[in-house]
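Student: Got a structure here, written out as structure tokens. Questions coming.
In my numbering, the protein residues as written are 116 to 237.
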């Protein structure tokens, strides 16, 4: 028969009721956090199922052309603002072009988007 280390060395020295209460408190906190994690996981699953249901719905599919047109309209408005500013200040074209190309080469599209200048004009 083998003895565990605590049996072989006798009772632990220095263990107080305060230590035991602290340990019990930590165990309760761990259990509470486990329950909270489980609840959040269930909530996440519910939300994912609801989102999937929205994406699978007829109304979402029928509205796709409207969303597509809206996205393109915003892109056209942004492009029009940029063109207006550049038409007023043609000296900006070369510098802006160089900056965009440099950023594109360094980080790709997301780098250009991340480094974009503040909104232009009204």
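Every residue gets a Cβ at the ideal spot worked out from N, C-alpha and C, and that includes glycine.
Less than 8 Å between the beta carbons of residue 200 and residue 215, yes or no?
Tutor: In this structure, residue 215 does not lie closer than 8 Å to residue 200 by Cβ.
Student: For residue 121, name the three-state secondary structure that DSSP assigns.
Tutor: With a pLDDT of only 49 at residue 121, under the threshold of 50, the placement of this residue in the model should not be trusted; the figure read from the coordinates follows. DSSP places residue 121 in helix when its eight states are reduced to three.
Student: If we ignore side chains and look at the alpha-carbon of each, how far apart do residue 210 and residue 220 end up?
Tutor: Between residue 210 and residue 220, the C-alpha separation is close to 15 Å.
Student: Give the straight-line distance between the Cα atoms of residue 161 and residue 154, rounded to the nearest whole angstrom.
Tutor: Those two C-alpha atoms are separated by around 11 Å.
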